[in-house]
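Novice: Read in my numbering, the sequence shown has 525 at position 228, and its numbers run on one by one without any break. Provided herewith is a single structure, encoded as structure tokens, for subsequent inquiry.
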Amino acid sequence: MYFKAKKSLGQNFLIDQNVLKQITNTVEIKDKEILEIGPGSGNLTVHILKKLPKKIHVIEKDDDLSLLLNEKFKDEINIINDDVLKISEDKISKEKLTVFGNLPYNISTEILSKWIINLNKEFWFNELVLMFQKEVADRIIAKSNSSKYGRLSILSNWKLNIEKIIDIKPESFSPRPKIDSSLLVFTPKEDYFELINPSNLEMITRIFFSQRRKMIKKPFNQIFKNAKEISEKFEIDLNLRPQNLSPEIYLKLAKEYENLTS
Ligand code: SAM
Numbered sequence: 298m299y300f301k302a303k304k305s306l307g308q309n310f311l312i313d314q315n316v317l318k319q320i321t322n323t324v325e326i327k328d329k330e331i332l333e334i335g336p337g338s339g340n341l342t343v344h345i346l347k348k349l350p351k352k353i354h355v356i357e358k359d360d361d362l363s364l365l366l367n368e369k370f371k372d373e374i375n376i377i378n379d380d381v382l383k384i385s386e387d388k389i390s391k392e393k394l395t396v397f398g399n400l401p402y403n404i405s406t407e408i409l410s411k412w413i414i415n416l417n418k419e420f421w422f423n424e425l426v427l428m429f430q431k432e433v434a435d436r437i438i439a440k441s442n443s444s445k446y447g448r449l450s451i452l453s454n455w456k457l458n459i460e461k462i463i464d465i466k467p468e469s470f471s472p473r474p475k476i477d478s479s480l481l482v483f484t485p486k487e488d489y490f491e492l493i494n495p496s497n498l499e500m501i502t503r504i505f506f507s508q509r510r511k512m513i514k515k516p517f518n519q520i521f522k523n524a525k526e527i528s529e530k531f532e533i534d535l536n537l538r539p540q541n542l543s544p545e546i547y548l549k550l551a552k553e554y555e556n557l558t559s
């Protein structure tokens, strides 16, 4: 069946067999329950099946590709023909899932943020093996004091350990994207800083990083009425820039805000 890739759905299919093998060698698959996001024509799905998982669920928004997957895999996989942004992943199975996704670039950060914000104490996954455009992956793994450090690094590192596995060149895809990609593996942290409402962390980092070159005095005053007192409590120099504050400081500030507003 001939299929024309749809740009609007970020369809760049991975065709490099070595990279596909490398992705499925990253984590244990045998006897695990797998969720694949955006399987496309099933190039990665074939490699996952070879590793004998207990079960595979896939979420594919494209109706044509869902039909194609149905023809190709029949009962071997559970096809959910829907938008990943509208699905409650924690309802798919009672077992913890191992997640693979060569995510559509235009919504990759939205998917990741949704998962992190909605995470309950009981994680619904064991591991996330996700491909991003390299520039986004660099922002996710960036450390404080670097130019790429920002909201995405702070949010992602809050509850998850993150490891970069490989960079992948445009030649590995069809059609070729204009940019490089990177594969990251996320695993739940056993211990992480508790917040009642994660949207406070989102709000605080949004306000701080909306003016990333300016001193933090202004966002501090915008968020806290008693800014001076709080900066002294956490020994924060208000002449610093947002990128100079560690993720821990942002978490502490979100907690402080929570305590003051609850
Ligand atoms: N995994 C395949 C591969 O590596 O060859 C395809 C990857 S392609 C970059 C992204 C896939 O995600 C496409 O199949 C696209 O149709 C699907 N997709 C795009 N937006 C989606 C959404 N909101 N929910 C579920 N799938 C989506």
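Cβ coordinates follow ideal geometry from the N, Cα and C atoms, glycine included. Here the structure is a predicted model, which is why all the values come from computation and not from measurement.
Roughly how many whole angstroms lie between the Cα atoms of residue 516 and residue 367?
Specialist: 52 angstroms
Novice: Would you mind working out which of 457, 313, 520 sits nearest residue 488, comparing C-alpha positions?
Specialist: 457
Novice: Based on Cα-Cα distance, which residue from 536, 531, 538, 492 lies nearest to residue 556?
Specialist: 492
Novice: Once you ignore the five residues that flank residue 445 on each side, which residues in its own chain have a CB closer than 7 angstroms to its CB?
Specialist: 435, 436, 439
Novice: Judging by CA-CA distance, which residue of 483, 473, 453 is the nearest neighbour of residue 462?
Specialist: 483
Novice: Relative to ligand 1, is the shortest distance from any of its heavy atoms to the C-beta of residue 359 smaller than 7 angstroms?
Specialist: yes
Novice: Checking the sheet assignment: what are the DSSP bridge partners for residue 464?
Specialist: 479
Novice: Determine the DSSP secondary structure at residue 417, reduced to helix, strand or coil.
Specialist: Correct three-state label for residue 417: coil.
Novice: What is the C-beta distance between residue 337 and residue 362, in whole angstroms, given that I count them as a contact (C-beta under 8 angstroms)?
Specialist: Right, their Cβ atoms sit about 6 angstroms apart.
Novice: So, helix, strand or coil for residue 471, using DSSP?
Specialist: strand
Novice: Would the beta-carbon of residue 394 fall within 8 angstroms of that of residue 423?
Specialist: Yes, these two residues count as a Cβ contact at 8 angstroms.
Novice: Taking C-beta to C-beta, are residue 348 and residue 327 nearer than 8 angstroms?
Specialist: yes
Novice: Would you identify the three-state DSSP class for residue 430, choosing helix, strand or coil?
Specialist: strand
Novice: Report the option in 379, 312, 447, 468 whose CA atom is closest to the CA atom of residue 541.
Specialist: 447
Novice: Just to check, is the beta-carbon of residue 380 closer than 7 angstroms to a non-hydrogen atom of ligand 1?
Specialist: yes
Novice: Under the rule that 16 or more other beta-carbon atoms within 10 Å means buried, what is residue 470, buried or exposed?
Specialist: buried
Novice: With DSSP collapsed to three states, give me the class of residue 370.
Specialist: helix
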